[in-house]
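Enquirer: If you're matching positions, the sequence shown starts at 1 in the numbering used here and goes up one per residue.
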Amino acid sequence: MMDRFVPYPFQNNIRHLPKEAVYECIMGLMEAHRHPEKVAQAATFDELIDAQFGSGIAKHFMKPYNFKVWAHPVAQMSRDWLGERVAMPDLQRVMGNVLLERDDVGWGPNNRFKYPLYGGTGGLYNRFMPYIQDHLTLNKSAVSIDAEAKNHSF
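1) For Ala40, is the classification buried or exposed, using 16 other Cβ atoms within 10 angstroms of its Cβ as the cut-off for buried?
2) With three or more C-beta pairs closer than 8 angstroms as the rule, is the stretch 22-33 touching the stretch 57-64?
3) How about the stretch 92-109 and the stretch 7-17: do they share at least three Cβ pairs that are nearer than 8 angstroms?
4) In the DSSP assignment, find the alpha helix (DSSP H) that holds Ile145 and state where it starts and stops.
5) Given this structure, state the Cα-to-Cα distance separating Gln92 from Ala32, to the nearest angstrom.
6) Check whether the stretch 42-55 and the stretch 65-80 touch, using three or more Cβ-Cβ pairs below 8 angstroms as the test.
7) What is the C-beta distance between Val74 and Ile49, in whole angstroms, given that I count them as a contact (C-beta under 8 angstroms)?
8) Look at the Cβ atom of Tyr8, then the Cβ atom of Val143, and state whether they are nearer than 8 angstroms.
9) Could you check where the beta strand (DSSP E) with Ser153 kicks off and where it finishes?
This is the structure we're talking about:
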């Protein structure tokens, strides 16, 4: 992101961003912190992102990342499914991490997941593609499927 590695969860590790983006994220988070009632009022995931994370984190990470992950506009998603899937930011913790230049990587089930340095998670698939490409048919529509014979035609 922005030609930098930002540890997971992003919202706790914004210190790795360019200073302008760090400032934007902190200002947005502080503004969101001033209006806690908006968190309870948020009906959609989009509204919750703005209310809980602020405009900077929403812009730089939460909205583009979640659109990419779910392939669905966050404005059309309910907030009810979240549960423990998203680390909610704590203003004091974020500020401490920025000012003390501290990484905060201990949250959630993905805190030990390693991403490829180049190519994102798509790089994983590209590595084994030579072994499976003869068994894939892409960019075509199936016109018939015979489940018993385990056969299909395009």
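Virtual Cβ for every residue (Gly too), placed ideally from N, Cα, C. Remember, predicted model here, so these are calculated numbers, not experimental data.
Expert: By the coordinates alone:
1) On the sequence shown, position 40 is the one that residue 40 refers to. By the neighbour-count rule (16 or more Cβ atoms within 10 Å), Ala40 is not buried but exposed.
2) Yes, the stretch 57-64 is in contact with the stretch 22-33.
3) The stretch 92-109 makes contact with the stretch 7-17; the number of CB pairs closer than 8 angstroms reaches 3 or more.
4) For the purposes of this step, residue 145 is taken as the residue at position 145 of the sequence shown. If you look at Ile145, you'll find it isn't in any alpha helix (DSSP H); it sits in the beta strand (DSSP E) that goes Ser144 to Asp146.
5) Start at 1 with the first residue of the sequence shown, and residue 92 comes out as number 92. Start at 1 with the first residue of the sequence shown, and residue 32 comes out as number 32. Approximately 13 angstroms, taken between the alpha carbons.
6) Judged by Cβ distances under 8 angstroms, the stretch 42-55 makes contact with the stretch 65-80, as three or more pairs qualify.
7) Taking the first residue of the sequence shown as position 1, residue 74 is located at position 74. Taking the first residue of the sequence shown as position 1, residue 49 is located at position 49. Contact holds; Cβ gap of about 6 angstroms.
8) As a position in the sequence shown, residue 8 is number 8, starting the count at 1. As a position in the sequence shown, residue 143 is number 143, starting the count at 1. A distance of 8 angstroms or more separates the beta carbons of Tyr8 and Val143.
9) Counted from its first residue, the sequence shown places residue 153 at position 153. Ser153: member of the beta strand (DSSP E) spanning Asn151 to Ser153, first to last residue.
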